[in-house]
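In the working numbering, the protein residues as written are 333 to 586. Note sheet for the following structure.
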Amino acid sequence: MRKKIVAANWKMNMTVGESMAFMDTFLHELGADNSVEVVIVPPFTALAKVSEILSVGQQAKLGAQNMHWEKPGAFTGEISAPMLRELYVRYVVLGHSERRTLFGESDEIVNKKTRAAIDAALRPIVCIGETLSERDADKVEEVLDRQIKGSLAGVSARELVDVVIAYEPVWAIGTGRTATPQQAQDAHAFIRAKLAELWDSASAEKVRIQYGGSVKAQNAAELMGQADIDGALVGGASLDPRGFAEIVKAAARG
Ligand code: 13P
Numbered sequence: 333m334r335k336k337i338v339a340a341n342w343k344m345n346m347t348v349g350e351s352m353a354f355m356d357t358f359l360h361e362l363g364a365d366n367s368v369e370v371v372i373v374p375p376f377t378a379l380a381k382v383s384e385i386l387s388v389g390q391q392a393k394l395g396a397q398n399m400h401w402e403k404p405g406a407f408t409g410e411i412s413a414p415m416l417r418e419l420y421v422r423y424v425v426l427g428h429s430e431r432r433t434l435f436g437e438s439d440e441i442v443n444k445k446t447r448a449a450i451d452a453a454l455r456p457i458v459c460i461g462e463t464l465s466e467r468d469a470d471k472v473e474e475v476l477d478r479q480i481k482g483s484l485a486g487v488s489a490r491e492l493v494d495v496v497i498a499y500e501p502v503w504a505i506g507t508g509r510t511a512t513p514q515q516a517q518d519a520h521a522f523i524r525a526k527l528a529e530l531w532d533s534a535s536a537e538k539v540r541i542q543y544g545g546s547v548k549a550q551n552a553a554e555l556m557g558q559a560d561i562d563g564a565l566v567g568g569a570s571l572d573p574r575g576f577a578e579i580v581k582a583a584a585r586g
């Protein structure tokens, strides 16, 4: 049985002050139910404060939105895995479509980061997903196949089970246009079958695959009720503490 994992990707939102206010309301709303793994993914500037807040009750884990694959060094503007580890970060989002399209991250770069994260005992949340034109051209499976092979090259079966994959169709991100539960389930089933083919089916069964793209409290339960949807990576709707708590509760029911 895969434990569901719901993550709040705040993207470039939330000051330290806003993060504190969010956590106050969110942890209160969340209560003590820990049947779902919850990950808060603030911007780098708020990691230390959110880490401090989470150190008390541990109802949620901490994630980062990106990292560099090198350890220390002359990489102005970058953050390394050891820096994240020091703040008790457990997960790191890698290869988000915004990183891929706006900041030129290739599968090769995502692969280097994935390797570095695993070596530092951080769990990668590796994002994959097709654009609208790729879907219209019937290339969903081709794109997912390429991204899986490229991003996860060299990962062993033992390492794979701790990787989270986020299926985020680019056309559903921030658009209010969610994939239908069936569209999402089809993509997730394809991803799992591909993992089984490239690694083995026992490992593929253990990998958690999140859906991301306009998830909100109203559609979360149906999406996460699908057989191969093991959680959600939530952007816009994760900025509202009550709404995000509702999504976590929907995951617990799903
Ligand atoms: P939205 O939930 O705002 O569509 O963003 C999804 C996303 O990109 C999460 O990483």
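Glycine included, C-beta positions come from ideal geometry on N, C-alpha and C. Note that the structure is a prediction, hence the values are computed from the model and not measured.
{"query": "Spatial neighbours of E491 in its chain, beta-carbon cut-off 6 Å, leaving aside the 5 residues before and after", "result": "I450"}
{"query": "For R595: DSSP bridge partner residues", "result": "Look at the range of the chain in this structure, 333 to 586, and you will see that residue 595 is not part of it."}
{"query": "Minimum C-alpha distance to A519 - residue among F576, V580, V370, I460", "result": "I460"}
{"query": "Any non-hydrogen atom of the ligand 13P closer than 7 Å to H520 Cβ", "result": "no"}
{"query": "Under 6 Å, CB to nearest heavy atom of the ligand 13P: contacting residues", "result": "N341, H428, E500, I505, G506, G544, G545, S546, V547, L565, V566, G567, G568, A569"}
{"query": "Pair within 8 Å by beta-carbon distance, R574 and T347", "result": "no"}
{"query": "Secondary structure of R417, DSSP reduced to three states", "result": "helix"}
{"query": "Alpha-carbon spacing of V421 relative to L386, whole angstroms", "result": "11 Å"}
{"query": "Option nearest V547 by Cα separation, candidates K481, V493, G436, G506", "result": "G506"}
{"query": "Residue environment, Q390, which counts as buried when at least 16 other CB atoms sit within 10 Å", "result": "exposed"}
{"query": "7 Å CB neighbourhood of P374 in its chain, flanking five on each side removed", "result": "W342, M346, S351, V382"}
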